[in-house]
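Chains as they are written, first to last, in our numbering: chain A, 72 to 583; chain B, 53 to 388.
Structure follows, in structure tokens:
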């Protein structure tokens, strides 16, 4: 097609592509439908296999334990007490072998009748060796008498077992580590989603074959933004929106565990988190206090330092690029690695910090294992770590200030400290407020610092819990997801306050 | 008479000033030595007094400006040294032998700058090569996926018209204030239920779509004039081609920022791998480094060598792309 032709009918070409979108959707939806259906059916099949194996193992257990126990009690009833220990011994000697026998016989699809008879015979044979003959005849008679009733009982028992282990029950009992667990667990959901896709595909196919051209274009225009947003929203739904809703629900499910079990609905999680176990120290409140202290110590100091440094950096001295590189370096590096370096700096015996203290004729401090210095360690590291980010925000705030203010001030003969106090600080006020709030929010989430500095424990004597560390511990070590969720909601409450403050500042000064 | 007096005063001021500066310099040099503390401190204090007196007698503009400049440089240098020192100390310690590590006061420089033993030993003790590969794989796939979904999402939110677009977007923005620490609990259960915990998928999947990056990119896309779009449409360009041939090339600076921020976040992430990864060979660098601390115990020189390996890629990235990273943080920090 020549270039002229291309330009002659641009709209038509575009429209044609737009319509094709519907057809492509029909095909893709059908493929997704088939794929999901296949996965769902496969999961169902696996679930059935799993259910059979569950049933088999529980049947073996019941036949083995209850069957032998019944037979044993029948035998014991028929003979005198003097033989009871001998009989028990001989029964227990056959027990392990019988379990194998039962499993093999079940595989050969023998009936329960046969299995129990075999068990009784084996036990009788075992007793034969140890019990004198006159007692044996008694055993023989009682066994023959009682065997039918035992068999009947066992058959009823087996039936009950199979009924009890319905598919939903099996689904609940699945272990998370089983192969194809998600496919088995979500088999019904997968099939349902597949059905939805099929419905969509059918509707679109119907539209494709019956609609006229204009309506097809309209439909394609509706479909287009959905296509663009789909990959984005898939992630947002599963990993942002659903978790927000779920964590709120979870916080009201008392003692919610990873396997989905919980003891009941209510505010028990919150009570536990806020009150703790009476008589023991409440680590959540301790964490809350520590977090607040950390915020109060770290944020103002780092903001004040950042203002000075940003002011100096903004003067465009020579080598300012070099200085910027130096100041911003901690921002890009992993807190874990840098935290280890600081641990080495804080080292009691060979650390640099103690060397400097000794140089100024002080006494070395046991930074990391003395409880009275834990907070100082955290604050020093926290300030060092949060400084680059704060400086960057301050710098961008400074660069937003109009140059003419400075020029006018200089013409009027104002000096640097005066300019700093009378122009820079007032015009920087919104930025400062914002930085304080943003830094507080991020300081509220302090976690990695604690973990790394104190080598995986919250402080040398469990004295440096923070809110997020508490959440982590509840979730990962104690597996109490419900309580962790409650703690997370409390954390969110505080962060929410600060976020509202941030919004207020942004709106008031029309910032950004 | 008056003039002569002033000249003498100036001379006196200059002499005092020079003396003061010399005193300060010699005082700070003798700080690390074993000279009596009182002498050193009094030298410094006297130096400051002399400089002040010199400035009082000789208050010419040049001297003052020079002093101010020197003071500014001094402050900046002190700060910069404090900021960089841990990195220097990490690298210096990585080259020390274990005997050198146990000196007190510690030596500033390792005896042999080419002593790579610590690196060899730590790579033998723990599979850092494997950790490195895991980090690289996670980082690359996370960045690729996130950038892809972000570009598509930002395009739909800035260029395509559909009912409820603004409402939907403001809803997304309000979701942004929920901290990741709150989502982590449910995401953990989701990952476990999907059966992908303890795999690298678990490190990538939860971070495939980011509201924050979409927000940044949407703002940039919106600043691209409409005329460009309509002229492209008239030339027969459909939305898909317009996005990839016109918008993405124009938005390259923003995209670079997003990619850099994302790569940094992925490379340095610690809490999430700590939760979902168990087996040794699935660990990423920061997590592997963290578990390495329990293996080496008191051998800090090995730890420092390993830390250098973790930190180096990001430092190199930063040296090459400082402007983009700083710009991105400045732009994004306010909202984040």
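A virtual CB, placed ideally from N, CA and C, is assigned to each residue, including glycine.
Exercise. Relative to chain B, which residues along the segment 92-122 of chain A have a C-beta separation below 7 Å, given in chain order?
Worked result: So nothing in the stretch comes that close.
Problem set entry | Partners in chain B for residue 252/A, counting only beta-carbon separations shorter than 7 Å | Contact note: residue 252/A reaches chain B through 247, using a C-beta cutoff of 7 Å and chain order.
Exercise. Residues of chain B with a CB under 8 Å from the CB of residue 155/A: which are they?
Worked result: Those within 8 Å of residue 155/A in chain B number zero; the least Cβ separation is about 50 Å.
Problem set entry | Test item: CB-CB of residue 119/B and residue 202/B under 8 Å | The Cβ atoms of residue 119/B and residue 202/B lie no closer than 8 Å to each other.
For this session: Could you please give the first and the last residue of the uninterrupted alpha helix (DSSP H) stretch that includes residue 191/A?
Result: First-last of the alpha helix (DSSP H) with residue 191/A: 183-201.
Problem set entry | Three-state class that DSSP yields for residue 336/A in the structure shown | DSSP, reduced to helix, strand and coil, places residue 336/A within a strand of the structure shown.
Problem set entry | Separation of residue 185/B from residue 561/A, as counted between CA atoms | Straight-line Cα distance between these residues: approximately 38 Å.
Exercise. Which chain B residues are close to residue 317/A, counting only those with a beta carbon under 7 Å from its beta carbon?
Worked result: Correct list: 238.
For this session: Please classify residue 490/A: does DSSP put it in a helix, a strand, or coil?
Result: In the structure shown, residue 490/A sits in a helix (DSSP, three-state: H, G or I).
Problem set entry | Continuous alpha helix (DSSP H) stretch holding residue 116/B: start and end | Run containing residue 116/B: 113-146, per the alpha helix (DSSP H) assignment.
For this session: Identify the continuous alpha helix (DSSP H) that holds residue 210/A and give its terminal residues.
Result: Note, residue 210/A: alpha helix (DSSP H), 204-235.
Exercise. Is the Cβ of residue 222/B closer than 8 Å to any Cβ of chain A?
Worked result: Not an interface residue.
For this session: Flag this pair as yes or no: are the beta carbons of residue 241/A and residue 125/A separated by less than 8 Å?
Result: The answer is yes: Cβ separation under 8 Å.
For this session: Determine whether the Cβ of residue 386/A lies closer than 8 Å to any Cβ atom of chain B.
Result: Yes, its Cβ sits closer than 8 Å to a Cβ of chain B.
Problem set entry | Cβ distance (whole Å) where residue 125/B is taken to contact residue 336/B below 8 Å | About 40 Å; that fails the 8 Å criterion.
Problem set entry | Contacts around residue 585/A, its chain only, beta-carbon distance under 8 Å, and the 5 residues preceding and following it disregarded | The shown model of chain A, from 72 to 583, leaves out residue 585/A, and the question about it has no answer.
For this session: Check the Cβ of residue 382/B against every Cβ in chain A and list those closer than 8 Å, keeping chain order.
Result: Within chain A, the residues near residue 382/B are 463, 464, 466 and 467.
For this session: Buried or exposed for residue 349/A, please, with buried defined as at least 16 other CB atoms from any protein chain shown within 10 angstroms of its CB.
Result: Burial check for residue 349/A: the Cβ neighbour count within 10 Å stays below 16, so the residue is exposed.
Exercise. When the Cα atoms are used, what is the spatial distance from residue 416/A to residue 368/A?
Worked result: Straight-line Cα distance between these residues: approximately 21 Å.
Exercise. Residues bridged to residue 324/A by DSSP?
Worked result: DSSP, once it has assigned bridges, lists 336/A as partnering residue 324/A.
Exercise. By Cβ distance, which residues of its chain are closer than 7 Å to residue 370/B, with the 5 residues on each side in sequence left out?
Worked result: Same-chain partners within the cutoff: 377.
Problem set entry | Euclidean distance between Cα positions of residue 91/A and residue 261/A | Residue 91/A and residue 261/A have their alpha carbons spaced roughly 28 Å apart.
Exercise. Along the chain, where does the alpha helix (DSSP H) that runs through residue 365/B open and close?
Worked result: Here the alpha helix (DSSP H) through residue 365/B covers 352-372.
Exercise. Can you find a C-beta in chain A that's less than 8 Å from the C-beta of residue 159/B?
Worked result: No, no contact with chain A.
For this session: Identify each residue in the segment 313-346 of chain B for which the Cβ-Cβ distance to at least one residue of chain A is less than 8 Å, and report them in chain order.
Result: Along the segment 313-346 of chain B, the positions whose C-beta sits under 8 Å from a C-beta of chain A are 316, 319, 320, 322, 323, 326, 327, 337, 338, 339, 341, 342, 345 and 346, read in chain order.
Exercise. What's the C-alpha gap between residue 502/A and residue 338/B?
Worked result: The alpha-carbon separation between residue 502/A and residue 338/B amounts to approximately 33 Å.
For this session: Kindly list, in the order they appear in chain A, the residues whose Cβ is closer than 7 Å to that of residue 291/B.
Result: Within 7 Å Cβ-Cβ: 295.
Exercise. Since residue 421/A contacts residue 135/B with CB under 8 Å, what's their CB separation in whole angstroms?
Worked result: Incorrect: roughly 22 Å between the Cβ atoms, too far for contact.
Exercise. Smallest Cα separation from residue 103/A: which of 271/A, 234/A and 183/A?
Worked result: Residue 271/A is the option with its Cα nearest to residue 103/A.
Exercise. Where does residue 73/A land, buried or exposed, given buried means 16+ other C-beta within 10 angstroms?
Worked result: Confidence at residue 73/A is low in this model, with a pLDDT of 46, below 50, so the placement of that residue should be treated as unreliable; the coordinate-derived value is given next. Around the CB of residue 73/A, fewer than 16 other CB atoms lie within 10 Å, so the residue is classed as exposed.
For this session: Could you give the DSSP three-state label for residue 141/A: helix, strand or coil?
Result: In the structure shown, residue 141/A sits in a helix (DSSP, three-state: H, G or I).
For this session: Can you tell me the Cβ-Cβ gap for residue 540/A and residue 518/A, rounded? I've got them flagged as a contact below 8 Å.
Result: Indeed they touch by this definition, with Cβ atoms about 6 Å apart.
Exercise. Pick from 364/B, 149/B, 367/B and 282/B: whose alpha carbon is nearest that of residue 167/B?
Worked result: Nearest C-alpha to residue 167/B among 364/B, 149/B, 367/B and 282/B: 149/B.
For this session: Answer with yes or no whether the minimum CB distance from residue 95/B to chain A is below 8 Å.
Result: By the rule that beta-carbons nearer than 8 Å mark a contact, residue 95/B does not touch chain A.
Problem set entry | Completely contained alpha helix (DSSP H) runs for the segment 156-189 of chain B, where each covers 4 or more residues | For the segment 156-189 of chain B, whole alpha helix (DSSP H) runs of length 4 or above, ordered along the chain, are 169-177.
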